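Structure first, then comments.
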Amino acid sequence: MNIPMAKAKAQLSELVKRAQAGEEIHLTKHGEVVATLSAPVRAGGSKGLFGALKGQIWISDDFDELGPEWDEYIK
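Quick note: the sequence shown uses my numbering, first residue 31, plus one each step.
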């Protein structure tokens, strides 16, 4: 559903209820979508991202070592 911002201001409570019920509401300004109201992501509804890239990322052993160009800054 698309709704102009001016109209949304007057109906915000109702629009939030509809978004909580699962409806996606697009707020428009001059006919262009500027924001979207949607239902919140429920905890436990999806797997967390912690550890999702395990084994796919490699960090060099000297990652936190600075090169000689930094000597003047760390005296």
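Just so you know, even glycine gets a beta-carbon here, dropped at the ideal spot from N, CA and C.
Quick caveat, the model's predicted, so the values are computed rather than measured.
Under the DSSP assignment, L42 falls in the alpha helix (DSSP H) whose first and last residues are 42-50. When secondary structure is reduced to three states using DSSP, K59 falls in the strand class. Contact between A49 and A69 is confirmed by a C-beta separation of about 6 Å, below the 8 Å threshold. For I33, the enclosing beta strand (DSSP E) starts and ends at 32-34. By the criterion of a C-beta distance shorter than 7 Å, E53 is surrounded in its chain by M31, once the five residues flanking it on both sides are discounted.
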